[in-house]
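Student: Attaching a single structure in structure tokens format; questions to follow.
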Amino acid sequence: MWSTAREIAAGDTVIVWLASPFPTSSILHQTRDFIQPLVVTPGKDFNSKYGNYRHSDFIGMPFGSKVGSRSGKGFIHLLRPTPELWTMALPHRTQILYIADISFIISYLDIRRGSRVIEAGTGSGSFSHSVARSIGPTGHLWSYEFHEARAQKARDEFTQHKMSDFVTLTHQNVCKDGFNLTDAADSVFLDLPAPWDAVEHAKQALRKDRTTRISCFSPCMEQVLRTVSALNDAGFIDITMYETLIRPHDVAQVPVLQPISDMEEKLKKSEEIREIKRLRQIAAKQKTDESAHGEKRKRDDGDDEQEAEAVDGEDVGSGKKLKTEDDDEMADSTPSRDVVNGSSSSRGPAVAFAPPLQKISVSKAIVEVRGHTSYLTFATLLPPMPGASPPASSEDVAPLD
Ligand code: SAM
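In structure tokens, the structure reads:
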């Protein structure tokens, strides 16, 4: 696919990032204003509100470089293309698939190095680039598009991105003319207005010597129902529908005031401390009861008294509090603002949990769910059993009451 060289060369595709490389989520939702693909062409200029640049100045720079504008005001980043960046930056000729759906489809269709995959329609080629990276040059992607201009544009991009050795683009109506393939593909992906019309053709193109899969991407439930009927009729099984919804999480790193491995031990200790406190309260109540009755009972056994005092944690005679090991534990595990801030407290350095402070990532889901894209229907085709009769049509199956 794209250049794997460290430095940018003439003719390379680069992704120009016009904002901070660490965008906030709100920037991510309008990335096409901030990110653009560019083919490095000596003699050409790149002009934007972030300044003016000469393509020839990019040659020899490492991918990922931050480049200052010629006037010294503004800068851009020159990124190595990836399918994810391409999906964010590509010129839209149609609606496209985004990474949340793409990654789910690729994983569910079990697309991997060496896989042989069919997709229709090609559209803007967003899905094609991710599949191409997953299958690599040992696999094959057959991509079909019936809109001639779109087909030609996608073909040019596949050539420019060095994918044409293992990606074949055909200008064809797959619902009418099928895929011109028999027993060839491990999986089929259909992103068409009428995928049900292509299901029988897909079945023909799928391999029969192993289990294969199909996925259809449709924006409305009526399309899903028609597709499910067609899949049933064609003998697909395990028909399952998913909807991918994006739920953003706010993630933050917070300091852990003690090693996580010690937490369990500390929790156990605090259980013990609670138990000691409970015994103290019982002993204190007994003491109050005794004095209320004006009975100063003399204990026969001084050892017993000492034991009770030790449990009680107080020197009854002097009213002085006895310090136990557990109290030390409690003191150790009580967070100090100074420790959180990494400085020492007025009581001296907080050696119990610093340095170094461990950090853990915590996240909070944002309740608002950003819109639905489409429904994803998946199904499996098993290799035919020798001597088995063809599957019953859905019209032959009695409706459920
Ligand atoms: N999955 C693509 C992507 O991620 O960029 C977007 C596909 S776009 C929504 C659907 C494409 O299917 C359109 O370009 C359309 O021209 C093409 N198409 C529709 N019906 C078709 C058919 N019967 N045969 C081939 N292509 C078809």
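All residue numbers for the sequence shown refer to the working numbering, where the first residue is 6 and numbers rise by one.
Where is the CB? At the ideal position from N, CA and C, for every residue including glycine.
Just so you know, these numbers come straight off a predicted model, no measurement behind them.
1) Alpha carbon to alpha carbon, how far is Thr378 from Arg155? Give it in angstroms, no decimals.
2) Pop quiz: Gly128 and Arg98 are said to be a contact at Cβ under 8 Å. What is the actual Cβ separation, rounded to whole angstroms?
3) Could you have a look at Lys282 and say whether DSSP puts it in helix, strand or coil?
4) Can you give the beta carbon distance from Val44 to Leu83, rounded, assuming they're within the 8 Å contact cut?
5) Between the beta-carbon of Ser8 and the beta-carbon of Ala15, is there less than 8 Å?
6) Have a look at the DSSP bridge pairing and note the partners of Asn57.
7) Which residues count as close to the ligand SAM when the rule is a CB under 6 Å from any of its heavy atoms, in chain order?
8) Just the C-alpha distance for Met66 and Glu12, rounded to the nearest angstrom, thanks.
9) Pull up the distance between the alpha-carbon of Val193 and that of Glu89, whole angstroms please.
10) Can you name, in chain order, every residue of its own chain whose Cβ lies under 8 Å from the Cβ of Thr216, other than the five neighbours on each side?
11) State the DSSP-derived secondary structure class of Leu197, mapped to helix, strand or coil.
12) Could you check the C-alpha separation between Ile140 and Ser234 for me, to the nearest Å?
13) Can you list, in chain order, the residues of its chain whose CB lies under 6 Å from that of Tyr247, leaving out five sequence neighbours each side?
14) Count the other CB atoms, across all protein chains shown, that sit within 10 Å of the CB of Val21; report buried if there are 16 or more and exposed otherwise.
15) DSSP beta-bridge partners for Asp255?
16) Return the CA-CA distance between His60 and Trp91, expressed in angstroms with no decimal places.
17) Taking its Cβ as the centre, do 16 or more other Cβ atoms sit within 10 Å of Gln228, making it buried, or is it exposed?
18) Given Thr46, which residues of its chain have a CB within under 6 Å of its CB, disregarding the five upstream and five downstream residues?
19) Measuring CB to CB, does Ala210 end up less than 8 Å from Ala125?
20) In chain order, what residues of the same chain lie with their CB nearer than 6 Å to the CB of Arg231, ignoring the 5 residues before and after it?
21) From which residue to which residue does the alpha helix (DSSP H) around Met226 run?
22) I'd like the list of long-range same chain contacts for Asp170, defined as Cβ closer than 7 Å, with 5 residues on each side in sequence excluded.
23) Taking only the alpha-carbon atoms, compute the straight-line gap between Phe241 and Ser366 and give it to the nearest angstrom.
24) By the three-class DSSP mapping on this structure, what secondary structure does Pro67 have?
Tutor: From the atom records:
1) 22 Å
2) 7 Å
3) helix
4) Actually they do not touch by this definition, with Cβ atoms about 12 Å apart.
5) no
6) Asn52
7) Thr99, Gln100, Ile101, Leu102, Ala125, Gly126, Gly128, Ser129, Gly130, Ser131, Phe132, Tyr149, Glu150, Phe151, His152, Arg155, Asn178, Val179, Cys180, Asp196, Leu197, Pro198
8) 5 Å
9) 21 Å
10) Thr385, Leu386, Leu387, Pro388
11) coil
12) 30 Å
13) Leu381
14) buried
15) Lys369
16) 20 Å
17) buried
18) His60
19) no
20) Trp201
21) 226 to 238
22) Pro142
23) 43 Å
24) strand
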